[in-house]
Amino acid sequence: MARVFSGARPTGRQHLGNYLGAIQNYVKLQEEHDCFYCVVDIHALTTLEETRELQGNIHEMVLDWLAAGMDPHKSTMFVQSHVPEVMELYTLLSMVTPLGWLLRVPTFKEKARQQPENVNYGLVGYPVLMASDIVLYKGEMVPVGEDQLPHLELTREIVRRFNSIFGPTFPEPKALLTETPLVLGTDRQKMSKSLNNHVELAATLEETTERVKRMITDPDRPYRNQPGHPDNCNVYTLEHYFAPDHLERVYKECTTATLGCVENKTFLAAKINGALAPFRERRRELASNNGFVREVLGDGASRASDIARETLKEVKERMNLQ
Ligand code: TRP
533 MARVFSGARP
543 TGRQHLGNYL
553 GAIQNYVKLQ
563 EEHDCFYCVV
573 DIHALTTLEE
583 TRELQGNIHE
593 MVLDWLAAGM
603 DPHKSTMFVQ
613 SHVPEVMELY
623 TLLSMVTPLG
633 WLLRVPTFKE
643 KARQQPENVN
653 YGLVGYPVLM
663 ASDIVLYKGE
673 MVPVGEDQLP
683 HLELTREIVR
693 RFNSIFGPTF
703 PEPKALLTET
713 PLVLGTDRQK
723 MSKSLNNHVE
733 LAATLEETTE
743 RVKRMITDPD
753 RPYRNQPGHP
763 DNCNVYTLEH
773 YFAPDHLERV
783 YKECTTATLG
793 CVENKTFLAA
803 KINGALAPFR
813 ERRRELASNN
823 GFVREVLGDG
833 ASRASDIARE
843 TLKEVKERMN
853 LQ
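With our numbering, the residue at position 147 of the sequence shown is 679, and numbering never jumps.
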């Protein structure tokens with residue numbers, strides 16, 4: 533089975549965008565691949581000002597993963613810092629990574645703009661740490677969204693460089709581009725926790741309905757009696773996932789002004805609540821099982837450590853460090 537590696541920042545409770553963009557795909561991949569799913573807490577430190585919520589965020593995210601069907605018997609789930617070998621490899625790979633490559637990375641430039649008061653050294657090294665994650669486990673396929681492609685290209689360049697200097701050691705990992713819709717939040721910007729425009733998977737029925745009802749729909753339909761444009765409506769986008777059997781009807785009724793936005797949102801909210809009911813039930817059960825998340829992450833770290841130690845030994849031999 534080919535090895536899949538993916539990392540996710542510990543952002544706490546996951547939302548619909550996380551589910552449709554990543555988690556759903558993680559669940560599918562574990563059926564036919566040897567999957568490693570890593571909570572990248574060290575990466576999170578590159579943008580955090582304080583870490584009070586870090587442990588809680590890791591716990592909540594992994595609960596969501598498990599409730600959504602990521603299965604510890606099929607996938608290895610672990611926390612990045614629990615396998616400290618990654619930081620050693622990070623130092624070693626940083627020696628074969630030209631600074632110029634890192635300064636050109638789009639996400640670095642963007643973060644430097646977003647947090648000019650905190651352009652730390654770790655932020656520049658972010659892609660080297662990501663490369664270390666992947667190659668420490670000799671990952672062959674990396675499910676990522678489009679925004680991560682430059683990082684993955686850099687990983688491949690680091691691998692090529694390392695292999696050409698020290699001999700073939702790592703496979704060149706390939707991106708598995710996750711085809712996902714752009715899931716917009718209530719304000720029509722990309723759904724994200726930091727914008728507080730999201731719908732949490734673990735939200736209550738009432739919260740879900742309240743958030744969905746708040747969604748801005750087609751901006752070119754100011755009045756109920758005017759026809760709408762479903763293709764420019766986030767509610768309609770979400771209905772592709774939560775009400776696939778109703779697309780034709782909604783399209784027709786919206787474009788003929790038979791269906792109003794409020795009514796359509798009430799409909800979508802009910803569909804989301806219906807679809808997520810089993811997830812929410814499982815999550816409650818898992819959450820009441822004290823220590824379960826810790827156990828899963830402990831097993832994951834132990835499995836990951838075995839591979840990490842081996843890879844690092846090989847790397848050091850190649851580099852004549854021992
Ligand atoms: N940079 C990724 C993100 O922000 C997270 C990440 C860290 C990752 N290490 C990884 C993704 C390794 C894939 C593989 O989403």
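All residues carry an ideal CB built from backbone N, CA and C; glycine is no exception. None of the values given here were measured: they were computed from a predicted structure.
DSSP places residue 569 in the uninterrupted beta strand (DSSP E) bounded by 566–571.
Contact fails between the region 588–597 and the region 618–628, because fewer than three Cβ pairs, one in each stretch, are under 8 angstroms apart. Residue 539 has its Cβ nearer than 6 angstroms to a heavy atom of the ligand TRP. It is roughly 12 angstroms from the alpha-carbon of residue 675 to the alpha-carbon of residue 570.
DSSP, reduced to helix, strand and coil, places residue 662 within a helical segment of the structure shown.
A check of alpha carbon separations from residue 773 across 719, 789 and 801 identifies 801 as the nearest.
For residue 761, the three-state secondary structure derived from DSSP is coil. When Cβ pairs closer than 8 angstroms are counted between the two stretches, the region 741–751 is seen to touch the region 716–727, the count reaching three or more. Shown here, residue 538 sits in a strand according to DSSP, grouped into three states. When C-alpha distances from residue 664 are compared across 839, 724 and 786, the shortest belongs to 839. Around the beta carbon of residue 605, fewer than 16 other beta carbons lie within 10 angstroms, which makes this residue exposed.
Contact check for residue 611 and residue 829: beta-carbon distance about 6 angstroms, within the 8 angstroms limit, so the pair qualifies. A distance criterion of 6 angstroms places the beta-carbon of residue 666 in contact range of the ligand TRP, judged by its closest non-hydrogen atom. Judged by DSSP secondary structure, residue 675 falls outside any alpha helix (DSSP H) and instead within the beta strand (DSSP E) spanning 673–676. Closest in alpha carbon position to residue 702, among 711, 556 and 843, is 843. Membership of residue 681 in the alpha helix (DSSP H) is indicated by the continuous run 681–698.
Collapsing the DSSP output to three states places residue 614 in a helix.
Across the set 654, 710 and 648, the C-alpha of 710 shows the shortest separation from the C-alpha of residue 538. Around the beta carbon of residue 643, 16 or more other beta carbons sit within 10 angstroms, so the residue counts as buried.
Between the C-alpha atoms of residue 556 and residue 599 there is a straight-line separation of about 11 angstroms.
Residue 732 carries a strand assignment under DSSP once its states are collapsed to helix, strand and coil.
DSSP places residue 709 in the strand class (E or B) of the three-state scheme.
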